[in-house]
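Take the sequence shown: its letter number 213 is residue 213 in the numbering used here, and every next letter is one higher. This report concerns only the one structure given below.
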Amino acid sequence: MHNSCSTRTSSRPLFLTLLTLLAIAPIAWAQEVLTATGRGWLETVTQPDGTLTVLHTSGTHYDMGYQHGYLLRDQVVANMQSGLEFVNTNQHVLHDSSEIPAIVAQLQTQTPQKYLDEIQGIVDGVAAAGGPQLTYQDVLTVQMMADLTQVACTQFAAKGAATVDGHAIHGRNLDWPTVPGFAHDNAILQVAQGTGEQAVCNVAWAGYVGTVSGINGQGVSVGTNNCPSSDANFDGMPLTFLLRNALEVSANLDDYVNAINGNARTCGTNLVVASGREAGGAKVAAIEVTPTRCEVYYDNDPREAHYWDPATMTSHATLDNPNWYTVSEGILDAVVRSNNFTDWAGDPPLQALQAGATILRFLDPNIIISMGFDPNDMADPNWVLANIYPNVIVPLSLGLPPYNILLPEVNDPNWTFHRYDVMQGLITDPNHFGSIDGLMGIAFMTEDDGIDDEPSMHSVVFDSTTLEIWVANARTDWTDPNGTVIDATSEPYLYYNFAAAIPEPASLAVLATGGLIATARRSRMRSRRRLQDEAVQVV
């Protein structure tokens with residue numbers, strides 16, 4: 001199969017192609033590539049405030065990788081270089097970069113063969129297009145970024161009475177560090193139709209195979225929020241492959257939960273999932289997972305109620321004292337997650353696993369904070385078991401219980417509990433609840449009292465019922481010689497209709513129209529009871 005690939009540009013005269021495209025929509029068809037089992041092509045969607053590059057791939061995973069590498073040669077090469085630099089300089093789970101090759105080799109043994117084939121296809125496609133010879137190992141290493149680093153994110157998913165027409169609306173900010181020239185400068189949407197699999201649209205970057213934000217053709221969307229966990233290890237499916245695989249095999253939310261729970265995992269994370277095309281109506285859920293645990297929280301889940309008494313340092317399931325701190329609460333027809341687990345009653349509580357890892361990071365960011373930490377190994381007499389959870393250790397010298405490290409009042413305003421609280425307030429505000437749609441979702445993700453304070457690589461809102469997508473990507477402004485990164489939430493949100501790409505259009509000159517395009521830079525909500533109008537344009 002690997003030797004049967006051929007490449008070509010369109011056989012139609014260029015001027016006829018352009019005339020056809022201009023007559024139908026503002027789109028430029030650049031190139032296509034044929035492989036043994038499928039076809040890849042680029043779609044450039046031009047809108048008043050910017051342009052989206054949409055990569056369409058189909059066939060086996062090797063062929064999809066080959067199409068990817070061939071069509072986006074230069075962007076892939078640039079991203080692999082910047083990705084390697086990022087991995088080698090931003091580890092949060094390693095002593096130093098010398099450990100990376102051994103860890104990647106271990107993760108490779110847990111990676112489904114189809115994704116290893118896709119990585120090889122990218123390498124071969126870049127070479128066939130005349131690019132430099134990438135090494136398989138380098139491309140593989142970049143794919144493990146989410147397992148090798150710890151990053152922040154914020155998400156919500158709403159449905160039913162909370163939204164317009166009961167649609168499933170899912171918003172997420174990918175709050176990864178942004179540095180000049182990083183992957184966000186080669187951002188793409190990838191529409192992948194694997195043989196025998198659900199069609200998937202990933203919000204991604206050239207050269208990346210896995211999923212951090214994505215939706216499939218059945219209306220199942222997902223995003224991931226990292227949560228350090230002391231039971232994490234490198235003996236599971238790498239995180240972004242885990243998420244993409246679940247999209248490829250799921251027709252509904254239950255399928256997605258089963259796909260996550262049924263595979264070995266590497267690290268702690270909060271997944272927010274929306275399923276907008278269920279027969280009985282849209283569903284939303286938050287899946288809190290570590291390598292050893294998987295807890296599913298649906299909207300208005302009473303298990304999410306968690307109140308903290310700072311006087312006695314105890315947790316409670318009911319708010320019996322107004323002076324207690326609300327750690328988390330269930331929301332009618334919605335779920336919210338940032339970077340904190342809400343499970344506190346399990347055995348052990350997921351919050352205990354997270355606190356154990358967080359305390360270690362608080363003490364020394366250079367030590368292993370989430371990979372294989374065992375509290376029983378800490379024999380130093382300066383450490384004692386916390387009186388909250390038996391598996392959480394607190395150094396006597398700090399004089400702080402675990403929650404004092406996690407709670408917002410002792411951290412900066414963009415800390416995880418603050419973002420959780422702000423997003424919960426936005427959704428439950430009477431001026432918002434019942435009116436949530438894609439446009440209001442954008443306003444939530446750009447709210448300036450905590451939600452958008454983290455640097456974001458991309459911000460996306462899915463209507464998981466109609467398969468509409470609004471996405472903003474960070475960019476580097478090279479008018480500054482050193483490069484200035486413009487955060488995603490400060491950029492315009494561009495519109496894409498994923499439904500129009502399923503099945504693949506008979507003509508390449510197709511662009512869905514009639515969707516909302518956010519033309520205002522952002523919608524500021526100075527209070528939870530005031531939502532400013534966003535200018536929109538219908539094309």
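Glycine is no exception: its CB is placed at the ideal position from the N, C-alpha and C atoms. Please read these numbers as outputs of a predicted model, since none were measured by experiment.
The distance from the Cβ of T178 to that of V460 is about 15 angstroms, inconsistent with a contact at the 8 angstroms cut-off. The three-state secondary structure of G131, taken from DSSP, is coil.
The beta carbon of K114 sits closer than 6 angstroms to the beta carbons of H61 from its chain, once the five residues preceding and following it are set aside; these are given in chain order. Non-local C-beta neighbours of Q75 in its own chain, meaning closer than 6 angstroms and more than five positions away in sequence, comprise N186, A206, ordered along the chain. Under the 10 Å beta carbon count, L243 is surrounded by 16 or more other beta carbons and is classified as buried. Just so you know, the alpha carbons of A162 and S58 end up roughly 36 angstroms apart. Going by DSSP, D138 is part of the alpha helix (DSSP H) stretching over 136-143. When beta bridges are read from the DSSP output, G223 appears opposite S213, V272. Closest option to L332, judged by alpha-carbon separation, among F433, V272, N340, S250: F433. DSSP, read as helix, strand or coil, puts N497 in strand. In the three-state reduction of the DSSP assignment, Q47 falls in the strand class. Secondary structure at L52: strand, using DSSP grouped into helix, strand and coil.
Non-local beta-carbon contacts of A317 in its own chain, meaning distances under 6 angstroms to residues more than five positions away in sequence, involve A305 in chain order.
A279 and F156 have their C-alpha atoms some 22 angstroms from each other. Relative to R277, the option among F234, G219, N270 whose CA is nearest is G219. Taking each of I100, V289, E468 in turn and checking the Cα distance to E85, the smallest one comes out for I100. The beta carbons of P238 and T135 sit no closer together than 8 angstroms. In terms of Cβ geometry, P132 and V212 do not form a close pair [threshold 8 angstroms].
Residue state for I451 is assigned as coil, using DSSP reduced to three classes. For D231, there is no enclosing alpha helix (DSSP H), as DSSP marks it with neither H nor E. Taking a C-beta distance under 8 angstroms as the contact criterion, T446 and T489 qualify as a contact pair.
Sequence-distant Cβ neighbours of N321 in its own chain, meaning closer than 6 angstroms and more than five residues away, do not exist here. A direct Cα-to-Cα measurement between L34 and I119 gives close to 18 angstroms. Per DSSP, the unbroken alpha helix (DSSP H) holding E85 starts and ends at 73-89.
Burial of G171 is indicated by the presence of at least 16 other C-beta atoms within 10 angstroms of its C-beta. For A187, the uninterrupted beta strand (DSSP E) segment begins and ends at 187-194. Taking C-beta separations shorter than 6 angstroms and ignoring five residues to either side along the sequence, the partners of A129 in its chain run Y70, R73, following chain order. Straight-line spacing of the CA atoms in V54 and T44 works out to 6 angstroms.
A Cβ-Cβ separation of about 6 angstroms places P492 in contact with G50 under the 8 angstroms criterion. Non-local beta-carbon contacts of G223 in its own chain, meaning distances under 6 angstroms to residues more than five positions away in sequence, involve Q155, R172, S213, V272 in chain order. DSSP links W41 through a beta bridge to E32, H56. DSSP places V257 outside any beta strand (DSSP E); the residue lies instead in the alpha helix (DSSP H), whose first and last residues are 253-261. Distance from the CA atom of Y298 to the CA atom of A102, rounded to whole angstroms, is 38 angstroms. V151 is not bridged by DSSP to any residue. Residues N88 of the same chain have their beta carbon placed closer than 6 angstroms to that of S97, with the five preceding and five following residues left out of the count. With a cutoff of 8 angstroms on beta-carbon distance, T314 and V289 are scored as not near each other.
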